[in-house]
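So the sequence shown is numbered by my numbering: it starts at 194 and just counts up by one.
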Amino acid sequence: MITLSTIKKTLPNLIEGVMVKDLFRHPDDRGYFEEIIRVTDPFFQEGFGQLSRSFMRQGVVKAWHVHKTQIDWWFVFRGTLQVALYDQRRESKTYKRLIYFEWDESEDVAIKIPPLIAHGLKVIKNEAILVYITSKTYNPKEEGRIDPKDKEIGFDWNNFAPIKK
């Protein structure tokens, strides 16, 4: 299985504009402190719209979502996810590129998902909590949905692999 930690250095080259930010835990005998995103962070230039938390049970698939102009920043707070990203930007060098990876709470990173990158996930172990920030507040006109079995994307969420065409 491809994990986020194995591809994080090349992720921005795999899909143009997708970024990974390493996070740093500061542990002590009381627990730990971990900063996720600052307004002054170059990773977070586009600004804040909304902070959300999604609780999901094992086996849940949430795919595909796509936003016209909104940017998402994701952080796995708990659990293990399988994540897939698909570039729908016609002008992008990585147009129609599909990447997928496993990501769990032990990987101290956040990822930035640009507009028009279709994104989805499946919870594969226990329950999961995804914390995410968006550059805009929720607007149903901004939110796009694509069927998880979309033939153009061609991804099999049951086997977590591209469908051979």
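We put the beta carbon where it would ideally sit given N, CA and C, even for glycine.
Please read these numbers as outputs of a predicted model, since none were measured by experiment.
Close-in-space but distant-in-sequence residues of the same chain around residue i (CB under 6 Å, 5 per side omitted)
{"i": "residue 245", "result": "325"}
{"i": "residue 197", "result": "294, 296 and 300"}
{"i": "residue 275", "result": "295, 315, 317 and 353"}
{"i": "residue 239", "result": "264 and 328"}
{"i": "residue 227", "result": "216 and 218"}
Through-space distance from residue j to residue i, alpha-carbon basis
{"i": "residue 220", "j": "residue 345", "result": "45 Å"}
{"i": "residue 261", "j": "residue 234", "result": "23 Å"}
{"i": "residue 259", "j": "residue 333", "result": "11 Å"}
{"i": "residue 247", "j": "residue 273", "result": "13 Å"}
{"i": "residue 242", "j": "residue 306", "result": "14 Å"}
{"i": "residue 343", "j": "residue 295", "result": "21 Å"}
{"i": "residue 293", "j": "residue 335", "result": "24 Å"}
{"i": "residue 195", "j": "residue 297", "result": "12 Å"}
{"i": "residue 327", "j": "residue 299", "result": "23 Å"}
{"i": "residue 310", "j": "residue 209", "result": "10 Å"}
{"i": "residue 225", "j": "residue 254", "result": "31 Å"}
{"i": "residue 223", "j": "residue 278", "result": "37 Å"}
{"i": "residue 217", "j": "residue 284", "result": "35 Å"}
{"i": "residue 347", "j": "residue 337", "result": "18 Å"}
{"i": "residue 268", "j": "residue 322", "result": "9 Å"}
{"i": "residue 339", "j": "residue 232", "result": "31 Å"}
Residues that DSSP places opposite residue i in a beta bridge
{"i": "residue 227", "result": "218"}
{"i": "residue 284", "result": "Paired residue(s): none; residue 284 is not in a bridge."}
{"i": "residue 355", "result": "348"}
{"i": "residue 327", "result": "243 and 265"}
{"i": "residue 233", "result": "For residue 233, which the question treats as bridged, DSSP gives no partner whatsoever."}
{"i": "residue 278", "result": "292 and 312"}
{"i": "residue 306", "result": "265"}
{"i": "residue 164", "result": "Because the chain spans 194 through 358 in this model, residue 164 falls outside it and cannot be assessed."}
Residues near residue i by beta carbon distance below 8 Å, same chain, minus five either side
{"i": "residue 349", "result": "355 and 356"}
{"i": "residue 368", "result": "This structure cannot speak to residue 368, because the chain is shown only from 194 to 358."}
{"i": "residue 320", "result": "248, 249, 250, 251, 271 and 272"}
{"i": "residue 351", "result": "none"}
{"i": "residue 207", "result": "200, 287, 290 and 292"}
Chain-order list of residues whose beta-carbon lies under 7 Å from that of residue i (same chain, five-residue window excluded)
{"i": "residue 331", "result": "243"}
{"i": "residue 282", "result": "288 and 309"}
Anticipated Cβ contact below 8 Å, residue i with residue j, distance rounded
{"i": "residue 341", "j": "residue 256", "result": "4 Å"}
(message) Does the region 285 to 292 come into contact with the region 312 to 325, if we say contact requires no fewer than three beta-carbon pairs (one atom in each stretch) closer than 8 Å?
(response) Touching, no.
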